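These protein sequences, in sequence, are chains A and B.
Residue numbers for the first sequence follow our numbering, so the first one is 395 and each next one is one higher.
Residue numbers for the second sequence follow our numbering, so the first one is 395 and each next one is one higher.
Beta carbons are placed, not taken as given, at the ideal position from N, Cα and C, and that holds for glycine.
Since the structure is predicted, the reported quantities are computational estimates derived from the model, not experimental observations.
Number of protein chains: 2
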Amino acid sequence: MVREEVMTKGRLAKEAAYTLGTLSTVVKNKALLAMADALLANQDRIIVANDKDMEAGREKGLSKALLDRLMLNPQRIADMAEGLRAVAALPDVIGEGVEMWTRPNGLQIAQVRVPLGVVGIIYEARPNVTVDAAGLCIKTGNAVLLRGGSEAINSNKTVTDIIAAAAVEAGLPEGSIQLIETTDREAVNIMLKLNEYLDVLIPRGGAGLIQTVVKNATVPVIETGIGNCHVYVENDADLDKATEIVINAKCQRPGVCNAMETLLVHQDLAETWLPGLVANLQERGVEIRGCDKTQQAAGNVIPATEEDYYAEFLDLIMAVKVVPGLDEALAHIRKYSSKHSEAILTADYFKSRRFVQQVDAAAVYVNASTRFTDGFEFGFGAEIGISTQKLHARGPMGLKELTTIKYVIHGDGQVR
Amino acid sequence: MVREEVMTKGRLAKEAAYTLGTLSTVVKNKALLAMADALLANQDRIIVANDKDMEAGREKGLSKALLDRLMLNPQRIADMAEGLRAVAALPDVIGEGVEMWTRPNGLQIAQVRVPLGVVGIIYEARPNVTVDAAGLCIKTGNAVLLRGGSEAINSNKTVTDIIAAAAVEAGLPEGSIQLIETTDREAVNIMLKLNEYLDVLIPRGGAGLIQTVVKNATVPVIETGIGNCHVYVENDADLDKATEIVINAKCQRPGVCNAMETLLVHQDLAETWLPGLVANLQERGVEIRGCDKTQQAAGNVIPATEEDYYAEFLDLIMAVKVVPGLDEALAHIRKYSSKHSEAILTADYFKSRRFVQQVDAAAVYVNASTRFTDGFEFGFGAEIGISTQKLHARGPMGLKELTTIKYVIHGDGQVR
Numbered sequence: 395m396v397r398e399e400v401m402t403k404g405r406l407a408k409e410a411a412y413t414l415g416t417l418s419t420v421v422k423n424k425a426l427l428a429m430a431d432a433l434l435a436n437q438d439r440i441i442v443a444n445d446k447d448m449e450a451g452r453e454k455g456l457s458k459a460l461l462d463r464l465m466l467n468p469q470r471i472a473d474m475a476e477g478l479r480a481v482a483a484l485p486d487v488i489g490e491g492v493e494m495w496t497r498p499n500g501l502q503i504a505q506v507r508v509p510l511g512v513v514g515i516i517y518e519a520r521p522n523v524t525v526d527a528a529g530l531c532i533k534t535g536n537a538v539l540l541r542g543g544s545e546a547i548n549s550n551k552t553v554t555d556i557i558a559a560a561a562v563e564a565g566l567p568e569g570s571i572q573l574i575e576t577t578d579r580e581a582v583n584i585m586l587k588l589n590e591y592l593d594v595l596i597p598r599g600g601a602g603l604i605q606t607v608v609k610n611a612t613v614p615v616i617e618t619g620i621g622n623c624h625v626y627v628e629n630d631a632d633l634d635k636a637t638e639i640v641i642n643a644k645c646q647r648p649g650v651c652n653a654m655e656t657l658l659v660h661q662d663l664a665e666t667w668l669p670g671l672v673a674n675l676q677e678r679g680v681e682i683r684g685c686d687k688t689q690q691a692a693g694n695v696i697p698a699t700e701e702d703y704y705a706e707f708l709d710l711i712m713a714v715k716v717v718p719g720l721d722e723a724l725a726h727i728r729k730y731s732s733k734h735s736e737a738i739l740t741a742d743y744f745k746s747r748r749f750v751q752q753v754d755a756a757a758v759y760v761n762a763s764t765r766f767t768d769g770f771e772f773g774f775g776a777e778i779g780i781s782t783q784k785l786h787a788r789g790p791m792g793l794k795e796l797t798t799i800k801y802v803i804h805g806d807g808q809v810r
Numbered sequence: 395m396v397r398e399e400v401m402t403k404g405r406l407a408k409e410a411a412y413t414l415g416t417l418s419t420v421v422k423n424k425a426l427l428a429m430a431d432a433l434l435a436n437q438d439r440i441i442v443a444n445d446k447d448m449e450a451g452r453e454k455g456l457s458k459a460l461l462d463r464l465m466l467n468p469q470r471i472a473d474m475a476e477g478l479r480a481v482a483a484l485p486d487v488i489g490e491g492v493e494m495w496t497r498p499n500g501l502q503i504a505q506v507r508v509p510l511g512v513v514g515i516i517y518e519a520r521p522n523v524t525v526d527a528a529g530l531c532i533k534t535g536n537a538v539l540l541r542g543g544s545e546a547i548n549s550n551k552t553v554t555d556i557i558a559a560a561a562v563e564a565g566l567p568e569g570s571i572q573l574i575e576t577t578d579r580e581a582v583n584i585m586l587k588l589n590e591y592l593d594v595l596i597p598r599g600g601a602g603l604i605q606t607v608v609k610n611a612t613v614p615v616i617e618t619g620i621g622n623c624h625v626y627v628e629n630d631a632d633l634d635k636a637t638e639i640v641i642n643a644k645c646q647r648p649g650v651c652n653a654m655e656t657l658l659v660h661q662d663l664a665e666t667w668l669p670g671l672v673a674n675l676q677e678r679g680v681e682i683r684g685c686d687k688t689q690q691a692a693g694n695v696i697p698a699t700e701e702d703y704y705a706e707f708l709d710l711i712m713a714v715k716v717v718p719g720l721d722e723a724l725a726h727i728r729k730y731s732s733k734h735s736e737a738i739l740t741a742d743y744f745k746s747r748r749f750v751q752q753v754d755a756a757a758v759y760v761n762a763s764t765r766f767t768d769g770f771e772f773g774f775g776a777e778i779g780i781s782t783q784k785l786h787a788r789g790p791m792g793l794k795e796l797t798t799i800k801y802v803i804h805g806d807g808q809v810r
């Protein structure tokens, strides 16, 4: 029964994808706006369904943070609708000629941007991902097969029913947006190996979910977002700016993947600038786990362990290490980094160049906060996640990352 | 012991990759030319090693075709050296700014082309792949970990020793080019899950090898080349050109993935053009497996089975199906195609557009032979394989497909 649901929906999605890929921007945008309208018009129905999930969640003893992610209210529904409108307003990347050239034999070769086909999204207890992911997939002409967390099943079912019906009404093929409705975990295992119908899988959630998908999927996966990000402060950095950047990178939103987790400080600053910075951070509620020198220089510093240097705290906790210079900072980053976002703060031209060249990460910063690694901050107008792998997409993924290319070759009878 | 060899070489490759990625074009090209010179200077040593493999192969009863692929002679060694020189002559894609823009807050964001890191190549009994793959990886700043077929082990060891030594001599880091020397199959299983050290795996060989890698690897894979390619001839096609293209697509080199396997013919041509074409092909030694109408129209036609329509014959065999028109041709291609290369031959503008829009394949042709799907024919100057997957690379892969990007962001103290 579980297999039957997944296979049937997979097949239908594949069928839908063939039509979706050829629809004009006008039709796709009309559908996105209709989906937004339908969410607002059915607000009460969504809240009733969400109440069921919230009640079940409270009974199950979900944490306050999880319950907050699960919760939908009129404001959040309005935000989801607004998100769809924003995606509708973005330029359509499908049909774009990426490159085009003519060969000496007269063959005209164009590399044209086309949809991936069917995108599988596996996510946790955030019903807003349902709408987000569906909107980005539709805009890029992809069919989407959604599998959300069981805690949000009533909300996800209702939201999917509403937007899928609105999309079909607006001219999209049946099967463009579908949710796997069984909460049996076996459905995920089937999706992971559904190469026949899925062109790509995108897991969105915690490290556990992502690793399960990466390790077990035979469908190609786009791996998103574990961020153990570093800021390295050189002895010649502008220290006022450095203070501001470090505080921003750690405190502005500590629970996200582009927040700084470890600060590396040049030893010349260990007794001058570092103590004040540590006190400043501590006043903001940040727990400091430092190396020996940090412990000597500042008060209330917990000794940092090897594990701390590997950790993605996602919290008001940070590791601090004093290093002799750029070489040691680079070596530390090479060893511990998750290759997400890394920053150097320096006034030295040559040091900035060395850092940029030698750090292997999706985003490398000179004199700015790591918090900018984000589809919206980069100006993409949308974000499906932040890729920390190197194939297909790296860094913030916008609409283009949900596409592939095909070569279109026009000839006049050419043979080899 | 097997694990130790793979892990040690993997670690060394990762180390080498950090340096390789920062080397200038001048140094990389110098290494490529030195590798070419070394192959020529050590021709006798290579042939002695290859003789051992050939003898063992004959004892093992390898087929004539396999023995031919395994064989190295002065001409083939010269060709390998020439291949390295040609790669050296290509423009370097590393360091290329793919895009660059400035955000309203003054952040300058550049998307810069960088190496993937460490590329694992798993291939069969063709020692020339050793040199080819090493050359393309070095040019793109990647370290390469090679695992060739056991039949070619002596040739591969000798060739790798020679080019790796020449590369180091010319300034590349130790570990840039390495071969797994054990012929234990367990080495492949370890490579498939070596996410710690390998950034990508590229299998080069038959369908069996490729499927094993795709189904079992946790390292990201670039899937290459199964081609069940179709040519569809419309009733309004230029029939002289159609005859030439069909013969070219089937006969010019039947053993490759971009050769045509099934011909689809508009029913209006079944009794006029098709019989002559079939006779022409049969004279060239092609075995025709046709639908009922093909059997009625022409002599010596074997009935085509469902399996024939799915087959990649890689031989002088082809399936032929008469269809009522474009809709049925599109449906046939959708069902049976491996999404490699598909062609329509027509004089009708609107039919050509429908075919281009609706066929989902790496390369879609109008009025040209499918045989052009090739890195050299496309003008890339090199080819690492032809990707039939949609992530990262699709179609012929040249140097760019062995790279990824990183975002480099220059600021003046920006925070969020």
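Within the segment 606-637 of chain B, contact with chain A at the beta-carbon level (separation under 7 angstroms) is assigned to V608, K609, T612, P614, D632, K635. Per DSSP, L478/A lies in no beta strand (DSSP E); the unbroken alpha helix (DSSP H) holding it starts and ends at 468-483. Residues of chain B with a Cβ closer than 8 angstroms to the Cβ of Y412/A are, in chain order, R728, Q752, D754. M712/B carries a strand assignment under DSSP once its states are collapsed to helix, strand and coil. Taking a Cβ-Cβ cut-off of 8 angstroms, the neighbours of W495/A in chain B comprise G773, given in sequence order. Between L796/A and Y626/A, the CB-CB gap reaches or exceeds 9 angstroms. The beta carbon of R541/B is closer than 8 angstroms to those of G514, I515, I516, Y517, L573, I574, A581, V582, M585 in its chain, skipping five residues each way along the sequence. In this structure, D632/A sits away from G500/B, with a CB-CB distance that is not shorter than 9 angstroms. Judged by DSSP secondary structure, C645/A falls outside any beta strand (DSSP E) and instead within the alpha helix (DSSP H) spanning 633-645. A Cβ-Cβ distance of about 6 angstroms is found for the pair A755/A and H734/A, placing them in contact under the 8 angstroms criterion. Residue pairing by DSSP places W667/B in no beta bridge whatsoever. T656/A is classed as buried because its beta carbon has at least 16 other beta carbons within 10 Å across all chains shown. In the DSSP assignment, Y703/A falls within the alpha helix (DSSP H) that extends over 700-704. In this structure, the alpha-carbon of R765/B lies about 54 angstroms from that of I440/A. The C-beta of F707/A has 16 or more other C-beta atoms within 10 Å across all chains shown, which makes the residue buried.
Look at the segment 587-601 of chain B: the residues with a C-beta under 9 angstroms from a C-beta of chain A are K587, N589, D593, V594. With a cutoff of 9 angstroms on beta-carbon distance, V758/B and Y801/A are scored as near each other.
Per DSSP, the beta bridge partners of S735/B are A757/B.
In terms of Cα proximity to P521/B, the closest of N536/B, L539/B, N550/B is N550/B.
In this structure, R810/A places its C-beta atom within 9 angstroms of the C-beta atom of Q646/B.
The alpha-carbon of A601/B is positioned some 48 angstroms away from that of G451/A. F744/A has a beta carbon lying at 9 angstroms or more from every beta carbon in chain B. Short of 6 angstroms from the beta carbon of Q689/A, and not among the five residues preceding or following it, lie these beta carbons of its own chain, in chain order: V695.
Taking a C-beta cut-off of 8 angstroms against chain B, the contacting residues of the segment 764-788 of chain A are R765, F766, T767, E771, F772, G773, Q783, K784, L785, H786, R788, listed in chain order.
In terms of beta-carbon proximity, R678/A stays away from the interface with chain B, with every pair separated by 9 angstroms or more.
Taking a cut-off of 8 angstroms on C-beta distances, the segment 558-570 of chain A does not touch the segment 489-500 of chain A, as fewer than three cross pairs fall below it. In the three-state reduction of the DSSP assignment, I503/A falls in the strand class. Within the segment 503-573 of chain B, the complete alpha helix (DSSP H) segments of 4 residues or longer fall at 521-533, 547-563, listed in chain order. T618/A sits in a strand when the DSSP states are folded into three classes. Excluding the 5 residues flanking it on each side, I639/B has same chain C-beta neighbours closer than 8 angstroms at V625, A737, L739, N761, A762, S763, in chain order. A contact is defined here as three or more CB-CB pairs under 8 angstroms, and the segment 446-465 of chain A fails this definition with respect to the segment 502-511 of chain A. At least 9 angstroms separates the CB of D702/B from every CB of chain A.
In the three-state scheme derived from DSSP, where H, G and I count as helix and E and B as strand, A581/B is classed as helix. With respect to the C-alpha of T798/B, the residue from C651/A, N642/A, T782/A, L793/A having the closest C-alpha is T782/A. Interface residue (Cβ-Cβ distance to chain B less than 9 angstroms): D806/A is classified as such.
The beta carbon of G775/A sits closer than 6 angstroms to those of L484, all from its chain and outside the five residues before and after it, given in chain order.
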